[in-house]
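In our numbering, the protein residues as written are 56 to 167.
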């Protein structure tokens, strides 16, 4: 059995590889919290969280920042008071890689 996504480590991606095929993305999506979805024709992995207030939102963003730095893979974050939108994509390949799903799973772990 393969190791759970949140236990894996992101691997450097400098391009030169194809984005995940839609079937693989759909398979990996099943391992994440149901709030995650594929958008932009399956090129982006996205979710939105709502918090009690701005401070709670920023505290969660700071937790994500630590994990993102550890993994060397950084999400696009949009903050609007108590709402945080997260988008993941491997820009070097113009679509999704396993790294995006690994980081999403690690973000899921922060919410527990």
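C-beta atoms are modelled at their ideal positions from N, C-alpha and C, and glycine is treated no differently. In this text, all values refer to a predicted model and were calculated from it rather than measured experimentally.
Taking C-alpha atoms, which residue in the options lies nearest to residue i?
i: residue 164; options: 118, 75, 80, 92; result: 118
i: residue 159; options: 122, 69, 68, 106; result: 122
i: residue 100; options: 71, 63, 86; result: 86
i: residue 66; options: 166, 157, 162, 106; result: 157
i: residue 71; options: 137, 150, 133; result: 150
Between residue i and the rest of its own chain, which residues show a CB-CB distance below 8 Å, the 5 nearest in sequence each way excluded?
i: residue 82; result: none
With a threshold of 6 Å on Cβ separation, who are the neighbours of residue i within its own chain once the five nearest residues in sequence on each side are excluded?
i: residue 104; result: 139
i: residue 60; result: 86, 156, 157, 160
i: residue 133; result: 140
Which residues mark the beginning and the end of the alpha helix (DSSP H) in which residue i is found?
i: residue 84; result: 77-84
In chain order, what residues of the same chain have a beta carbon less than 7 Å from the beta carbon of residue i, not counting five sequence neighbours either side?
i: residue 108; result: 137
Mind pulling the alpha helix (DSSP H) runs of 4 or more residues that sit fully within the segment 90-167?
At a cut-off of 4 residues, the continuous stretches assigned as alpha helix (DSSP H) that sit fully inside the segment 90-167 are 109-126, 153-166.
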